[in-house]
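Here the sequence shown is numbered in UniProt numbering, starting from 1 and rising by one per residue. Here the structure is laid out as structure tokens; the discussion comes afterwards.
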Amino acid sequence: MSTSLLIEIVLLIACLLLVSLFYYRKGWKASFPFKNTDIFKLLYTLVFPMLWGSSSVICGFIYLFLSKNFNSLDFLFLFGFPTILMTFTFWKFRKNNKHIEEIKREEDTKVRDKSKKTEDWVHQFSFVEEQDFNIKTYISKGRPISRLFIYNVNNEQQKELKNNEDLLPDGVYLEIFMKKLDSDNNSQV
């Protein structure tokens, strides 16, 4: 067995043990608010290959300077495979991050569009002032959902809002809060 292959096997086992020890001792709990599945993926699909690849390249340089007979097989084991692995890992990580950013942008666009449509619906009623409504929009199961809160309306305005509720965009829930009467305020004093 060639020395370079033996070095690679020892480094592979050492890196695997180091990453596994870190995972099972829950070393990330002190500073990262991640779930076990997230940290498992991160450690074994990013940290482990990068750690093994970089340590292989460093050991390869040391072996290159200390060895008298450095051949192409040694070069392949100590520089070629680790470099290819690190390049692939980095590429995969970048691709995954771009996909996540794209999903986030799409969700932000959906939330903005839903909020705009809901706000347009509210502005058709002249009695609803800017400070008298609030829109909360979020993503649930991949779809934008809005909660529209309208404050300080009387009975007649409430009826008009309820009659037009079916014109709200899909996934918008309307909640109406009535005006407090002065008699209610005086009775509480």
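C-beta atoms are modelled at their ideal positions from N, C-alpha and C, and glycine is treated no differently.
Identify every residue that forms a DSSP beta bridge with residue i.
i	result
tyrosine 23	Tyrosine 23 pairs with nothing; no bridge assigned.
lysine 92	None; lysine 92 has no bridge partner.
leucine 148	Ile135, Leu174
valine 153	Met178
serine 140	Arg143
Are the beta-carbon atoms of residue i and residue j separated by less than 9 Å?
i	j	result
phenylalanine 125	glutamate 160	yes
asparagine 154	lysine 179	yes
threonine 87	valine 111	no
leucine 85	tryptophan 121	no
glutamine 158	valine 128	no
Under 7 Å Cβ to Cβ from residue i, same chain only, skipping five residues before and after it: list those, please.
i	result
valine 47	Val19
phenylalanine 93	Leu46
lysine 104	none
histidine 123	none
Can you list, in chain order, the residues of its chain whose CB lies under 6 Å from that of residue i, leaving out five sequence neighbours each side?
i	result
tyrosine 151	Asp132, Phe177
aspartate 108	none
In three-state terms, what does DSSP make of residue i?
i	result
serine 4	helix
valine 128	coil
serine 67	coil
lysine 114	helix
asparagine 164	coil
lysine 98	helix
Roughly how far, in whole angstroms, is the beta-carbon of residue i from the beta-carbon of residue j, given that I think they are within contact range, below 8 Å?
i	j	result
phenylalanine 78	serine 2	Note on residue identity: the sequence assigns leucine, not phenylalanine, to residue 78. With a Cβ gap of about 10 Å, leucine 78 and serine 2 do not count as contacting.
leucine 148	isoleucine 135	6 Å
phenylalanine 61	leucine 43	In fact, because the Cβ distance is near 26 Å, the residues do not count as touching under 8 Å.
serine 56	leucine 11	6 Å
proline 144	lysine 114	4 Å
valine 172	threonine 118	5 Å
Excluding the five sequence neighbours on either side, which residues of its own chain have a C-beta within less than 8 Å of the C-beta of residue i, listed in chain order?
i	result
tyrosine 63	Thr3, Ser4, Ile7, Phe70, Asp74, Leu78
glutamate 175	Arg147, Leu148, Phe149, Ile150
serine 67	Thr3, Asp74
glutamate 165	Leu174
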